Structure formats: structure tokens, C-alpha cells
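Trainee:
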Amino acid sequence: MAGITGKDVVLTNYADRLALEAPKGRSLTQDALRRLAHNKAAVASIFILVGIVLFAFLGPYFLPWSYEEIDWTAIRKPPDFEKGHFFGTDGNGRDMLARTMQGTQMSLIVAAVATLVSVIIGITYGAVAGYLGGRIDAIMMRFVDIMYALPYILFVIILVVIFGRNPVLLFVGIGCLEWLTMARIVRGQTLSLKEREFIEAARAGGARSRTIISRHIVPNLTGPVVIYATLTVPEIIITESFLSYLGLGVQEPQTSLGTLISAGAPVVESMPWMLLTPAAVLVTMLLCLTYLGDGLRDALDPKDR
Amino acid sequence: MTNVLSVEDLEVTFALHESEVRAVNDLSFTLRQGETLAVVGESGSGKSQAFLAIMGLLAQNGRATGRALLGDVDLLNMPAGRLDAYRGRDIAMIFQDPMTSLNPSLRVRTQLSEVLVRHQGIEQEQATREAVAMLERVGIPEPAKRANAYPHELSGGMRQRVMIAMALLCKPKILIADEPTTALDVTVQAQMLDLFKNLTRDFGTALVMITHDLGVVAGLADRMMVMYGGRAVEKGTVDQLFYKPRHPYTLGLLHSTPHVAVRAKRLDPIQGLPPSLERLPTGCAFHPRCAFRFERCFAERPPLLDAGDGRLKACWYEGPLDYEEVA
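Structure follows, in C-alpha cells:
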């Protein structure tokens, strides 16, 4: 019963408002992001990376030439602003800027797909092996060792044979190979995490293995996984460039940064613009990703706390 | 009063590289509904391992034999998958260090409601509401706000309260607290003990308090079990053991505890070190440190026998334990 003063109602409202206004706790992730915001190199890298992504995905809409269009009047020409070839043309008369944008797009998609695949497989595999331990762990990790020992270029060739020349499927395949290191890192982290008392407390609370892995182990892996993923992206871009260089990657008329660089490298003396444009984008992108990965490592490293 | 837990012939062994170590040796005891049992002993006396074994939380190289009957289910001889259904629901455990017992990457309410969703199958939203109510119950101010916090934003005492709330959410029949106050400030310790007392009384939960701090035992427990070298050496009510200890080790423990009322000249610790479990002394494991030992103690291990008034002791010495005269 509310008293004559209606005090209860007032208090309840007040309590409700307090509950609503209660600050959401700051998670470890938010802490880390704040630290990251103080790292100038990392913040600059984020801005440049966003710029590159916009450049690759929105840029083509503002260009007079598409990446596969041949301008018969301008073959192997240096930059020409009147015709709209801002970075010159290649040996077939295609606009270098448009091709660089398309190549960047392709490299970014490839990196994202392959990293995602490798992160998903790596976390699942590593966390399960690490948590279950014992014989299962030994068998699972020996399998990883065997995979490590086999030359991955062999797998790539097999994958190309199976999937044909579909770039996305090919890079899902590369992701399926890249997970090995991720699995090892995750397993190592899991081994140390599972000795922590909160895991024991969760077991004492009756949580099942599946719940413990998904709720208590994986969220605590965020730090190392994010760091490693950021560092995997440049690695995969380089792998892609290497495969394209060998003719196993992206096929004409589509292109990627690696293909463009391999086409530009032999003619660097006569047509430097063919190498400089894609190389500049690639180098900037890799540097930024590495700085970002570095910044994230500093921000997420539990030892700093 | 009915027994909620009866443990019979519990043995815990750990396989080392070449040998085996027995951490707990034929330990038997019963826990009655709603009572508080204190398990006291030095480090390495097997007190923690005995209860970890009952919870099925032994390290991988550990093995437990015997029986631990919770009602009519045997917790020790049960596949791990089925044990999960009882842990947290009927028997809960609180660990020594609240700093590390909470998952740092989940909000408090998430961790609390998880237990309810798991064991009582209620909706997430309802579970969160119950979790907040329980936080209030364990004396956390502004529970709605704290529930949104992450563990690192709470103080040690607050985190231990969260642990207690988590353990009591499903109103378990048995709560095992493994040195729950060791990592806390003295002032907070007292609050925690009050909390344990009130909550276990309100919920009718039987409490097992594992500790080496006799001050904790005095205010809280009904019965007491003293362990040494992996065996129970004396059992009885707290009053019996405090005022008339019948085992030299219990006496030694009492003498090494500071007390405000007794202005002792010096504290009188038990001489020597606890024995290594790998090489327990022959006969009574306590004899190298015992002031009352005689020939029989070297040769034969005393069994845990009735010593009158419903108490048990494992000691050959039958005379009065008058410390000053002998020492």
C-alpha cells in the first residue's frame, strides 16, 4: 500500500530512473579502445585505411574509365589529365587509376574473406583442442603440425584445380590454410585460461564444456585474436600478390594489387607509373595495418594492466 | 535433522611422474541440513582437495575413490556430464580468491543469470531480474548498477559478494566455501562471515567452511573437523574442540591463534613443518611435532575413535592435555 504521502511511488520512480541512468560498465574492450585512441600512429592508420577502402569501393564511380575499358588512343601513355587518365595507362590502354582501384578492392576482399575464415576455424579448433586437452589435444595439434609441414603452394594448386579460377573460393581456401598459426595461438591462450579460477568456478556452477568454451574462453581470447588477425591481413595480401604473380590468383581482366605490380615491375624504367600507383597503395596499406596491429597489441596486452 | 551429504571412505590420490601421492585418506563425515561444518587444517592437510574431489574438480592427475552421497546420488561415481546437473544447483562452491573467480570479459549480470538459465531453465530476462535481487540480498548497494559492471570495476569484497550471490542463486543444499575470506581485508572478512551466517540460515543451506583461521570458525560453525596429513584427526562441536581439545594438534592450532581476551606473552606456534604427503611419518603423522608423543605413536597410526560426547579423535594419548606442564 502506498502511504498517504505517495512516498513509495516517488521512490520507485526514482529507483527506476537510477537504474536507467546507471552507467554501463566499461568493458575491457572499451578500455582498450580508449588506449588505442591515444596511439597517434594507430589512429592515423585507421583513417588512412578507411580512406583506402573508400578509394577502392567508391572511387570507380567517379572515374571516366572503367578498369576493363580500352582507350585505343592512349596506349602506354603517362598521366594525361585531359583524357582523364590521371595515372596513365597500361600496355593495353586501360586506365591505371581505375585498375588500381579495382585491384585494391580485390585485395581487400580477399584479405577480409581469408582472414575471417582463418579466424573462425582457428578459434574453434584451438579452443576445443586447448580446453579438452590430453589425447584429443595431442591428436588435433599433430594434425596441425602435419599441415604445417606440407608446402601450402601444393594445396593452392589443388584448390585451383578443384574450385577453378574463382577468386573468392580460392581465398576461402587460403583462409582454410592460414588458420594453422591462429589455432596454435588460441590453443596456447586457452591452456593458460583454463587454469584460471573463473573457469573452475564456472565448472563448479555446473556449466558444460560447450558453454565454458563459448562463454568463458572465447571472449577472453579477443585480445590475441584481434592482434593476430590484423597482422594476418597483410600476410594474406602478400600471399595473394605472390599467387597472382605466379598466375594462380586473380585472372584478367580482373586484377589485384599483386597482379598490377607484377605487370609493372618489368617495365619500371620505361613506364614507371604502372608500378608506382599500385605499389604506393600496397605499401601504404600494409604499413597502416601493421601499425594498427601494433597499436592494438599495446592496447590489449594484459601485461600493461 | 536429515543428512544432506554423507561422505564415506573418501580417498584422493595424485599420480606424479613416478610415484603416487595420497592427499586424502579414508575420510568420512556427514553434513546435516542447514548446519555449518568447519574444516580446519594447515596447508597440505588435504582439506581443499577433499572437497574439490566431491565437486569433481580435481586436477587431471587426481583420482578419488569412496562415496559421496548427496541424497541418494553418488557424486564420486558419476560420469562428468551428469555431474554438471548437480553442480551449481544442489552443491555450490566459492573459491578463495574473488579477484580471479569471475570472468573478466562478461558483465556481472550475465555471469549470474547464466547459472539460472542453465539450472532452472528460466527466461534470460527473468533470470537477470532474479540475479539483481540476489545482489541486493548479499548487500551490494545499487544492485542494478553493479549488475551492469564488469568484475574489474568492483572491489574485492564486492566481488566476493557477487560470488556468494552466484553460489546461492539456485538455493543449493550445500555450499562449500574454500577459504572465502583469506584474500579479503579484515574488516570485510567480518562482513562476509555475517553474510554467510544470515544467508545460509535463511536458505537452509548447509555450509562447509574450509579454513585455517580459527577466528572464522568460532563465530560461524556448529561442528568442526580438524585435518592433518590427509586424515581427520578430531571431530566434534566447535565448543567441545575450542574449550576442551582432545588432540594435541587441535590444541596446537588453538595456541597459535592470537586472542584479544587472553594476553599471552607470546604466541605459541606448533613446532616444525607440516609433513610432506609423499613421505608421511610412520605411525601417527603428527608425532614428529607432538609434545605428548610416546612409543606407541611412532609405531602405530591411531584410528579415529569415539572419545565420548559424540566426538571423535585419532590419538593414542589419553591423559589431560596440559600444555604448559609438558612443554
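From first to last, the protein sequence lines stand for chains A and B.
For the first sequence, our numbering begins at 1 and goes up steadily by one.
For the second sequence, our numbering begins at 1 and goes up steadily by one.
Idealized CB from N, CA, C, for every residue including glycine.
The structure presented is a predicted model; accordingly, all values stated were derived computationally and were not measured.
Rounded to the nearest angstrom, what separates Pro275 (chain B) and Phe294 (chain B) at their Cα positions?
Mentor: Those two C-alpha atoms are separated by around 19 Å.
Trainee: Going straight from the alpha carbon of Asn148 (chain B) to that of Arg289 (chain B), what length do you get?
Mentor: Distance between the alpha carbons of Asn148 (chain B) and Arg289 (chain B): 52 Å.
Trainee: From Arg279 (chain B) to Leu16 (chain B), what distance separates their C-alpha atoms?
Mentor: Going by the C-alpha atoms only, they are around 14 Å apart.
Trainee: Kindly list the residues whose CB is nearer than 6 Å to the CB of Ala279 (chain A), restricted to its own chain and excluding five residues on each side of it in sequence; keep chain order.
Mentor: Within the same chain, Ala279 (chain A) has close Cβ partners Ile261.
Trainee: Does the beta carbon of Arg135 (chain A) sit closer than 9 Å to a beta carbon anywhere in chain B?
Mentor: Closer than 9 Å: no.
Trainee: For the alpha helix (DSSP H) that contains Ile157 (chain A), what are its first and last residues?
Mentor: Segment 152-163, the alpha helix (DSSP H) holding Ile157 (chain A).
Trainee: Just how far apart, CA to CA, sit Gly3 (chain A) and Ile46 (chain A)?
Mentor: The predicted position of Gly3 (chain A) is uncertain, since its pLDDT is 47 and thus under 50; no value can be drawn from it.
Trainee: Would a C-beta distance cut-off of 9 Å place Thr200 (chain B) and Gly71 (chain B) closer than the cut-off?
Mentor: In this structure, Gly71 (chain B) does not lie closer than 9 Å to Thr200 (chain B) by Cβ.
Trainee: Hey, out of A:Leu221, A:Pro151, A:Ile238, whose CA is closest to Ala114 (chain A)'s CA?
Mentor: Measuring from the Cα of Ala114 (chain A), the nearest candidate turns out to be A:Ile238.
Trainee: What are the residues that DSSP puts in a beta bridge with Tyr228 (chain B)?
Mentor: Paired residue(s): B:Arg231.
Trainee: Keeping to the same chain, check which residues put their C-beta closer than 6 Å to that of Ser6 (chain B); ignore five residues upstream and five downstream.
Mentor: These residues qualify, in order along the chain: Thr30, Leu69.
Trainee: Near Ile122 (chain B), what residues of its chain come up, given a Cβ to Cβ distance below 7 Å and the 5 sequence neighbours on each side ignored?
Mentor: Leu116, listed in sequence order.
Trainee: Closer than 8 Å, Cβ to Cβ, to anything on chain B: give me those residues from the segment 218-239 of chain A, in chain order.
Mentor: Answer set for the segment 218-239 of chain A: Pro219, Asn220, Thr222.
Trainee: What does the alpha-carbon distance come out to for the pair Asn220 (chain A) and Leu300 (chain A)?
Mentor: If I take the Cα positions, the gap works out to 11 Å.
Trainee: Is His216 (chain A) close to chain B? Criterion is C-beta to C-beta, closer than 9 Å.
Mentor: By this cut-off, His216 (chain A) is an interface position.
Trainee: I believe Gly103 (chain A) touches Ala183 (chain A) by the beta-carbon criterion, under 8 Å. Please report the beta-carbon distance rounded to the nearest angstrom.
Mentor: Between Ala183 (chain A) and Gly103 (chain A) the Cβ distance is about 31 Å, and since that is not below 8 Å, they are no contact.
Trainee: Quick check on Arg63 (chain B) - is its C-beta less than 9 Å from some C-beta in chain A?
Mentor: No, because no Cβ of chain A sits closer than 9 Å to the Cβ of Arg63 (chain B).
Trainee: Label Arg62 (chain A) either buried or exposed according to how many other C-beta atoms from any shown protein chain fall within 10 Å of its C-beta, with 16 as the threshold for buried.
Mentor: According to the sequence provided, residue 62 (chain A) is Phe. The question's Arg does not apply to it. By the 10 Å Cβ count, Phe62 (chain A) comes out exposed.
Trainee: Judging by CA-CA distance, which residue of A:Ser209, A:Ile123, A:Thr190 is the nearest neighbour of Glu178 (chain A)?
Mentor: The candidate whose alpha carbon is nearest that of Glu178 (chain A) is A:Ile123.
Trainee: Output needed for Arg107 (chain B): all residues of its chain with C-beta closer than 8 Å, excluding positions within five of it in sequence on either side, in chain order.
Mentor: Excluding positions up to five away in sequence, the list reads Ala147, Asn148, Ala149, Tyr150.
Trainee: Identify whether Val292 (chain A) lies in helix, strand or coil by the three-state DSSP scheme.
Mentor: The residue asked about is misnamed: residue 292 (chain A) is Leu in this sequence, not Val. Note: Leu292 (chain A) maps to helix in three-state DSSP.
Trainee: Less than 8 Å between C-beta atoms, sequence neighbours within five positions excluded: which residues of the same chain meet that for Val4 (chain B)?
Mentor: Counting only Cβ-Cβ distances below 8 Å, and skipping sequence neighbours, we find Leu31, Arg32, Gln33, Leu70, Gly71, Lys173, Ile174, Ala206.
Trainee: Output the distance between the C-alpha atoms of Thr211 (chain A) and Leu292 (chain A), rounded to the nearest integer angstrom.
Mentor: Using only the alpha carbons, I get a separation of about 32 Å.
Trainee: Using beta-carbon positions only, say whether Tyr148 (chain A) and Leu180 (chain A) come within less than 9 Å of one another.
Mentor: Against a cut-off of 9 Å, the Cβ pair of Leu180 (chain A) and Tyr148 (chain A) comes out as a contact.
Trainee: According to a CB-to-CB cut-off of less than 9 Å, which residues of the segment 66-88 of chain B neighbour chain A?
Mentor: Residues passing the 9 Å Cβ filter: Ala80, Gly81, Leu83, Asp84, Ala85, Tyr86, Arg87, Gly88.
Trainee: For Asn25 (chain B), is the classification buried or exposed, using 16 other Cβ atoms within 10 angstroms of its Cβ as the cut-off for buried?
Mentor: Looking at its Cβ environment, which holds 16 or more other Cβ atoms inside 10 Å, Asn25 (chain B) is buried.
Trainee: Against chain E, does Glu197 (chain A) count as a neighbour if the rule is that its beta carbon must be under 9 Å from one of theirs?
Mentor: Among the protein chains in the structure shown, which are A and B, there is no chain E.
Trainee: With 8 Å as the limit, tell me which residues of the segment 111-134 of chain B have their beta carbon closer than that to any beta carbon of chain A; keep them in chain order.
Mentor: Cβ contacts with chain A: Glu114, Val115, Arg118, His119.
Trainee: Give the DSSP-derived three-state secondary structure of Phe298 (chain B) in the structure shown.
Mentor: Here Phe298 (chain B) sits in helix by DSSP.
Trainee: What does Thr211 (chain B) touch in chain A if you count any residue whose Cβ is under 7 Å from its own?
Mentor: Chain A residues near Thr211 (chain B): none, gap ~18 Å exceeds 7 Å.
Trainee: Taking any Cβ of chain A, which residues in the segment 93-107 of chain B have a Cβ under 7 Å from it, in chain order?
Mentor: Correct list: Met93, Phe95, Asp97, Thr100, Ser101, Leu102, Asn103, Pro104, Ser105, Leu106, Arg107.
Trainee: Just to confirm before moving on: does the CB-CB distance between Gly46 (chain B) and Arg161 (chain B) stay below 9 Å?
Mentor: No, they are not a contact pair.
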